[in-house]
Amino acid sequence: MAKVRIYQLAKELGMENKELMELLDTMGVEYKSHASTLDEETAAAVKEIVAEQKGLEEKKKAEEARAALPKRPPVVTIMGHVDHGKTTLLDYLRHSRIAEREAGGITQHVGAFTVETPQGRIVFIDTPGHEAFTTIRERGARVADIAVIVIAADDGIMPQTKEAIAHAKAAGVPMIFAINKIDLPRADVDKVMQDLMKEGFVPEAYGGDAIVVPISAKTGENVDELLDMILLVAEMEDLRADPEAEPRGVILESKRDKQAGVLVTLLVHEGTFRVGDYLVAGDVWGKIRAMVDPDGKQVKEALPGTAVQVLGFRDLPEAGTTVEWVPDEVAAKHIAEERREERKAREQEEAERRKVKSMADLLRQMQEGQKAEINLILRADTQGSLEAIKGILAKEETEDVKINVLLEAVGAPTEGDILLASTTENAAILSFGVNPPGSVKKKAEQKGVLLKSFRIIYDLIDEVREMVRAQTEPEMKEEVVGHAEVRAVFKLPKGGKVAGCMVTDGKIVRNAEIRVLRGGEEIWSGRIDSLKRFKDDVREVAAGYECGIRLAGFDDFQEGDVLEAVRQVEVSEAQ
9 MAKVRIYQLA KELGMENKEL MELLDTMGVE YKSHASTLDE ETAAAVKEIV AEQKGLEEKK
69 KAEEARAALP KRPPVVTIMG HVDHGKTTLL DYLRHSRIAE REAGGITQHV GAFTVETPQG
129 RIVFIDTPGH EAFTTIRERG ARVADIAVIV IAADDGIMPQ TKEAIAHAKA AGVPMIFAIN
189 KIDLPRADVD KVMQDLMKEG FVPEAYGGDA IVVPISAKTG ENVDELLDMI LLVAEMEDLR
249 ADPEAEPRGV ILESKRDKQA GVLVTLLVHE GTFRVGDYLV AGDVWGKIRA MVDPDGKQVK
309 EALPGTAVQV LGFRDLPEAG TTVEWVPDEV AAKHIAEERR EERKAREQEE AERRKVKSMA
369 DLLRQMQEGQ KAEINLILRA DTQGSLEAIK GILAKEETED VKINVLLEAV GAPTEGDILL
429 ASTTENAAIL SFGVNPPGSV KKKAEQKGVL LKSFRIIYDL IDEVREMVRA QTEPEMKEEV
489 VGHAEVRAVF KLPKGGKVAG CMVTDGKIVR NAEIRVLRGG EEIWSGRIDS LKRFKDDVRE
549 VAAGYECGIR LAGFDDFQEG DVLEAVRQVE VSEAQ
């Protein structure tokens with residue numbers, strides 16, 4: 009085995025001789041001096057330990073560097089069912105009369121503003137709760153650090169409440185539940201608490217860990233407590249950002265103004281954007297000509313955790329797109345053009361992906377070695393049907409395959425379901441007893457989301473079983489198909505030999521693996537090159553018939569050799 013001297017290894021690892029010898033002492037390795045040699049195994053162990061130590065040191069330095077960064081304000085999205093008081097809460101927080109200005113009192117845009125508290129700043133993103141704005145709400149959940157789910161105390165958990173919870177879960181953000189309208193005579197906070205437990209959230213008041221704050225957005229009761237809870241969760245999340253880093257953010261909203269041109273609402277994640285900076289968002293570029301804060305004041309720079317309206321993009325970037333700083337116009341144009349080409353290529357790939365016909369096909373696209381996880385959105389005609397389907401799913405889940413129900417609801421699938429499935433890996437929508445509208449089917453095709461409807465419960469069961477089975481490695485066994493005895497050997501004019509055989513049992517199949525047995529011992533194994541009956545190529549030859557067999561890579565036949573045909577077959581679960 010190759011050996012290495014201690015001083016040579018120290019030099020290779022960038023260490024002092026003394027430092028390496030101290031390490032060897034801790035390992036119990038005996039040596040005389042730095043000129044002593046180490047065997048290959050010991051040297052490899054030393055390298056592994058040093059690499060691990062360096063990794064820990066780098067991790068520690070990274071953690072220390074991050075801890076030295078200034079904290080940034082939490083970004084909070086307000087979500088919930090229509091008319092549950094979401095806008096009223098935001099109105100109270102910023103002391104404006106937004107609800108009175110909006111059509112029907114329903115929020116119809118994405119906005120952002122900052123609330124100053126004695127404990128620190130909070131950035132709020134106003135995401136609509138009405139189901140018509142599911143697309144915008146989904147984007148809001150993705151860019152936020154914390155989601156506040158507003159539930160009316162006199163109404164309880166409703167369909168859009170469940171959708172909001174599902175989007176927040178998919179985004180992986182912590183949730184705080186605000187039970188609103190506690191000032192109303194019909195308010196029933198305990199009932200809402202019970203409803204939350206049915207959804208899997210046990211309130212802290214009942215011994216769980218779900219943060220629930222009863223409030224009145226109208227009177228302001230307990231709103232300060234809600235803000236305290238937001239800041240407490242933010243403290244636990246330890247949100248920090250480097251204002252000196254290369255600027256990066258996300259598009260919250262983009263629109264075209266008749267006078268100003270393209271106006272974009274930008275939330276800064278990291279670094280500092282300044283007037284004059286060049287930006288790229290997806291395949292759209294621009295130069296910041298002006299920035300306006302939520303109070304309508306023009307600003308020259310935007311720090312992390314700041315939302316500003318930006319003037320200067322050449323075209324409308326898509327909401328939810330990451331915004332990056334670039335050094336100049338040349339770079340901006342070049343990157344945007346490259347991304348346009350990449351987008352075209354992706355669209356072609358998406359078109360191929362939309363050809364997926366079953367959940368099994370979808371799951372087979374997962375990376376090898378990855379733990380199988382099936383994400384489902386369930387729709388049914390009745391609550392009883394939903395319960396039955398959930399019971400089936402519970403029985404079909406295995407140690408190797410986890411089944412997650414993202415959302416379950418009575419009624420036909422909606423575009424909101426499509427959006428949720430499209431933003432969740434390996435997700436599909438199964439509906440029973442209800443049919444999705446044509447617009448929803450079209451949306452599913454556009455997004456490449458598997459959407460299947462069933463009228464017979466057994467068909468749905470089969471689909472679920474196929475999903476699970478597709479993620480389980482089948483147990484295979486070898487099966488002998490048949491035997492043929494070599495009765496004569498014929499030389500071919502162009503070289504090579506053919507075995508003239510009689511099939512003695514079973515059958516010889518063209519695509520089977522062949523073993524050549526001589527005196528009962530295997531001397532070769534491989535594939536059939538050609539299988540013929542007289543002069544005709546055939547797929548198989550049954551017992552009692554003669555045939556000519558040529559093998560791929562073997563022709564040293566002797567009369568009396570036995571050709572054994574075998575194949576690999578899947579062992580059924582019944583066996």
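The numbers in this note's numbering rise by one with no breaks, and the one at position 249 of the sequence shown is 257.
A virtual CB, placed ideally from N, CA and C, is assigned to each residue, including glycine.
In the three-state scheme derived from DSSP, where H, G and I count as helix and E and B as strand, Thr125 is classed as strand. Check the Cα spacing between Arg80 and each of Glu243, Lys19, Pro255, Phe209: the tightest is with Glu243.
Classified as exposed, Asn443 has fewer than 16 neighbouring CB atoms from the shown chains inside 10 Å of its CB. In this structure, the straight-line span from the alpha carbon of Arg102 to that of Phe121 is close to 8 Å. Within 10 angstroms of the beta-carbon of Thr432 lie 16 or more other beta-carbons, which makes it buried. In this structure, DSSP gives Glu521 an extended state, which the three-state scheme calls strand. Straight-line spacing of the CA atoms in Asp162 and Leu192 works out to 7 Å. By the beta-carbon neighbour count (other beta carbons within 10 angstroms, threshold 16), Asn519 is exposed.
Around the beta-carbon of Thr314, 16 or more other beta-carbon atoms lie within 10 Å, marking it buried.
Under the DSSP assignment, Asp198 falls in the alpha helix (DSSP H) whose first and last residues are 197-206. With 16 or more neighbouring CB atoms inside 10 Å of its own CB, Ala186 falls in the buried class.
Burial check for Arg387: the Cβ neighbour count within 10 Å reaches 16 or more, so the residue is buried.
Taking the Cα positions, Val158 is about 26 Å away from Glu395.
When the alpha-carbon of Leu247 is set against those of Gly561, Ala51, Thr50, Gly128, the nearest one is in Gly128.
Secondary structure at Gly257: strand, using DSSP grouped into helix, strand and coil. One alpha carbon belongs to Asp303, the other to Val90, and they sit about 26 Å apart. The continuous beta strand (DSSP E) containing Thr273 extends over residues 269-278. Looking at Val292, Val546, Val276, Arg297, the one whose alpha-carbon comes closest to that of Asp285 is Arg297.
By the CB criterion at 8 Å, Leu414 and Leu427 fall outside the cutoff.
In the DSSP assignment, Pro167 falls within the alpha helix (DSSP H) that extends over 167-179. By the Cβ neighbour-count rule, Glu171 is buried, with 16 or more other Cβ atoms within 10 Å of its own. The three-state secondary structure of Leu319, taken from DSSP, is strand. For the 8 Å CB-CB criterion, Ala155 and Val181 form a contact.
Each of Leu98, Pro78, Leu77 was checked against the Cα of Met87, and the nearest Cα belongs to Leu98.
When the five nearest sequence neighbours on each side are left out, the beta carbons in the same chain lying within less than 6 Å of the beta carbon of Thr227 are those of Asp191, in order along the chain.
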